[in-house]
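Residues in the sequence shown are numbered consecutively from 1, following UniProt numbering. Idealized CB from N, CA, C, for every residue including glycine. Everything below concerns the one structure shown next.
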Amino acid sequence: MSVALYRKYRPKSFSEVTSQNHIKITLQNELESNRLAHAYLFCGPRGTGKTTLARLISKSANCLDLQPHGEPCNKCKSCLDIMDNKAMDIIEIDAASHTGVENVRENIINNVRFTPTSSKYKIFIIDEVHMLSISSFNALLKVLEEPPKYVIFILATTEIHKVPLTIISRCQRFDFKKIIIPELINRLKWIVSQEGMQVEEKILELVAKNAGGCVRDAESLLEQVLSLDEKSITLEQAELIIPRSNYDTLISLLKNLIDKDTASAINLVNKLVDDGVDIKTFFDNFIEFVRRVMVYKVVRDTADLLHEVDEKMLDQILKLIEGIEASELVNYIEEFLKAKELFKQSYILQLPLEVAIINLTSEPRVRQVVTPTKPLNVVKLKVEPAPAVVDDINENEDQSIENEAEQAENNEQKTENQELSVEVESGVVDAQLEDNVSNEPMPKAGNGLTVTFQQVISRWPYIIKSLTVKNYSLAMSLSVAKPLKLEGNKLIVGFMFELQRSRVDIPNNLVEIVDTLQTEFGINFELMLVVDDKIKLDDITNGRGSGNNIPPPEVERIVSDDPVDQVLNAFGGSVVE
1 MSVALYRKYR PKSFSEVTSQ NHIKITLQNE LESNRLAHAY LFCGPRGTGK TTLARLISKS
61 ANCLDLQPHG EPCNKCKSCL DIMDNKAMDI IEIDAASHTG VENVRENIIN NVRFTPTSSK
121 YKIFIIDEVH MLSISSFNAL LKVLEEPPKY VIFILATTEI HKVPLTIISR CQRFDFKKII
181 IPELINRLKW IVSQEGMQVE EKILELVAKN AGGCVRDAES LLEQVLSLDE KSITLEQAEL
241 IIPRSNYDTL ISLLKNLIDK DTASAINLVN KLVDDGVDIK TFFDNFIEFV RRVMVYKVVR
301 DTADLLHEVD EKMLDQILKL IEGIEASELV NYIEEFLKAK ELFKQSYILQ LPLEVAIINL
361 TSEPRVRQVV TPTKPLNVVK LKVEPAPAVV DDINENEDQS IENEAEQAEN NEQKTENQEL
421 SVEVESGVVD AQLEDNVSNE PMPKAGNGLT VTFQQVISRW PYIIKSLTVK NYSLAMSLSV
481 AKPLKLEGNK LIVGFMFELQ RSRVDIPNNL VEIVDTLQTE FGINFELMLV VDDKIKLDDI
541 TNGRGSGNNI PPPEVERIVS DDPVDQVLNA FGGSVVE
């Protein structure tokens, strides 16, 4: 029976190990200076050399003729026994199948007490150590912290986050990295030459791309390719076995999104479904791919991408994203993360993905802005009490007129030295008080109208009323808020408690509030939500956001062009005849 390539060509020395130089140099120096640690923790992706380096440490630590740079001789009895898996003092344990505390006691704790039979060190290699139970880890703690001088522990894991911190702190930790494609190709070329065969370099590139930075996967796929012919392999033959690179599909989808090509993107997704591709896995892969591209746009470092693609494909990606900002890539990720949450609810597998594509590639909804056909009519009026005209009225009417006269006198005192600027556009009137509580410049709408803080306060109940139809829960949460200040186009809204603020401070809620404000005032406001312990319950009763107790307008906006009607509607007055 033939031996698999990844076993046949397992590195026999540190120089044969692909990549991981940051780890090899440290270990070789420790071996050469005889300063080995009592416990090592190797963590990283699968197929990157964790078990291989653990065995190399075992060979070099027990080698009878250690070579320069900590290399094993591979000729002495100790090296040969280890390579043939005959060494009694090298104990490999698969933690995935020995998870219980009894297994740890039997295979490790009891064996630690006995000195090595024929080697200098007794070495325990525990693979997939994260699979051990909590009880097993606890049993291992003491012996791992203070083992005998002749014992070395080497733990390997692909999921370091599952290993207790108490274990990690007792080990010398090394993080393994995925192998970049150029180094994988060089490794495959060397294996092909050792096998005495000829393989086109394009085939090796395809194999390396599909390996995902894993040497073992690359060697296993190469073995399938080499089985096609005894001497030379063509690209046509290899494509029968090598699956299409996942990154080709990911790049195609990203290109369709950037080009706003909705049809091509959806056709691509449907083809994946027809080909039997796991859409959920593809979803995860695409999000991870866009994340890598986003990171590049921010830090301008291609190292993260080179682990997954070759230089040619990297150039293709870099050209594709030249004209796109990182913020747009963030939108892609957010939209696809939302779609991923809908998978459990969707009875059509690809539907969430199709919806996300349409949302990202469709043109944004544009608000229609009505341009006035007539120039703005600006009328400045001095507010004065209307003269009382009494003619043939009864006593009740007389009393009503006296009350209205007193109210008019009060209004005159409050508005002394103030002018009301009434601006009319398309039948919409906004009353603006010149003594605005904010000293910031008043924001201007695209149609030239200005909005004051006083107007925001007066219309605040209507804002909440409009939101009630769209989002009742949001309207109720906002009803306990109070507009505090208007700085330019930034509206600062205060809440009594953090819990109230956090309920509103959600992206979707903020968008609805801004949309409602824009519909009301024609201005794109910027919201800032704060907690202000000075706010009193009386300030926000009935949804009023002002401590000045200004009542909400009694009437809706008017459509009349008559200046008198405009003033009456602005102040809630009526004509007395």
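Asked                                                                                                                           : Found
Euclidean distance between Cα positions of V3 and M83                                                                           : 14 Å
Which listed residue (I123, P164 and I90) has its alpha carbon closest to that of A39                                           : I123
Cut-off 6 Å between Cβ atoms - residues of its own chain near P164, not counting five sequence neighbours on either side        : F137
Buried versus exposed call for D89 [16 or more other C-beta atoms within 10 Å across all chains shown]                          : buried
Alpha-carbon spacing of T249 relative to Q345, whole angstroms                                                                  : 26 Å
Cβ pair count under 8 Å reaching 3, the stretch 59 to 70 against the stretch 194 to 201                                         : no
Of the residues R300, D301, W460 and K177, the one placed nearest I513, counting alpha carbons only                             : W460
Classification of F14 by the beta-carbon crowding that lies within 10 angstroms, buried from 16 upward                          : buried
Contacts around Y246, its chain only, beta-carbon distance under 7 Å, and the 5 residues preceding and following it disregarded : In the sequence as presented, Tyr is not what sits at residue 246; that position holds Asn. Answer for N246: N285, listed in chain order.
CA-to-CA distance, D532 to D175, given in whole angstroms                                                                       : 47 Å
Counterpart residues of Q172 in DSSP-defined beta bridges                                                                       : Y40
Distance CB(N501)-CB(L467) smaller than 8 Å                                                                                     : A quick correction: the sequence has Arg, not Asn, at residue 501. No. Outside cutoff.
DSSP-derived helix/strand/coil call for M528                                                                                    : strand
Three CB pairs or more closer than 8 Å across the stretch 203 to 212 and the stretch 69 to 78                                   : no
beta-carbon G44 near the ligand ZN non-hydrogen atom, thresh 7 Å                                                                : No copy of the ligand ZN appears in this structure; indeed no ligand is present at all.
Endpoints, the beta strand (DSSP E) within which F521 is located                                                                : From DSSP, F521 is part of no beta strand (DSSP E) but of the alpha helix (DSSP H) over P507 to F521.
Residues near E526 by beta carbon distance below 6 Å, same chain, minus five either side                                        : N489 and K490
Assigned secondary structure, A61 (DSSP; H/G/I helix, E/B strand, else coil)                                                    : helix
Cβ distance (whole Å) where P45 is taken to contact T157 below 8 Å                                                              : In fact, because the Cβ distance is near 11 Å, the residues do not count as touching under 8 Å.
Beta-carbon proximity list for S477, same chain, < 6 Å, skipping 5 on both sides                                                : R503 and V504
Neighbourhood of V143 by C-beta, 6 Å cutoff - its chain only, sequence neighbours within 5 removed                              : I109 and V112
Distance, E354 Cα to E32 Cα                                                                                                     : 59 Å
S119 beta carbon less than 8 Å from that of N62                                                                                 : yes
Span separating the alpha-carbon of V104 from that of D94                                                                       : 11 Å
With 16 other Cβ atoms within 10 Å as the buried cut-off, status of residue 629                                                 : Because the chain in this structure spans residues 1 to 577, residue 629 falls outside the shown range and cannot be described.
Same chain, Cβ closer than 6 Å to A87, neighbours up to 5 away in sequence not counted                                          : D81
Option nearest K271 by Cα separation, candidates L253, L257 and D229                                                            : L253
Assigned secondary structure, G494 (DSSP; H/G/I helix, E/B strand, else coil)                                                   : strand
Coarse secondary structure for D301, derived from DSSP in three states                                                          : coil
Among I464, A339, A356 and W190, the one whose alpha carbon lies nearest that of D261                                           : A356
Segment contact, 8 Å Cβ cut-off, at least three pairs: the stretch 45 to 59 with the stretch 14 to 23                           : yes
Where Q198 falls, given that 16 or more other Cβ within 10 Å makes a residue buried                                             : exposed
Own chain residues within Cβ distance below 6 Å of L484, not counting five before or after                                      : I492 and G494
Close Cβ partners of C79 (< 7 Å) along its chain, the five nearest in sequence each way excluded                                : K59, C63, P72 and C73
Alpha-carbon to alpha-carbon, V456 and Y472                                                                                     : 21 Å
Where Y296 falls, given that 16 or more other Cβ within 10 Å makes a residue buried                                             : buried
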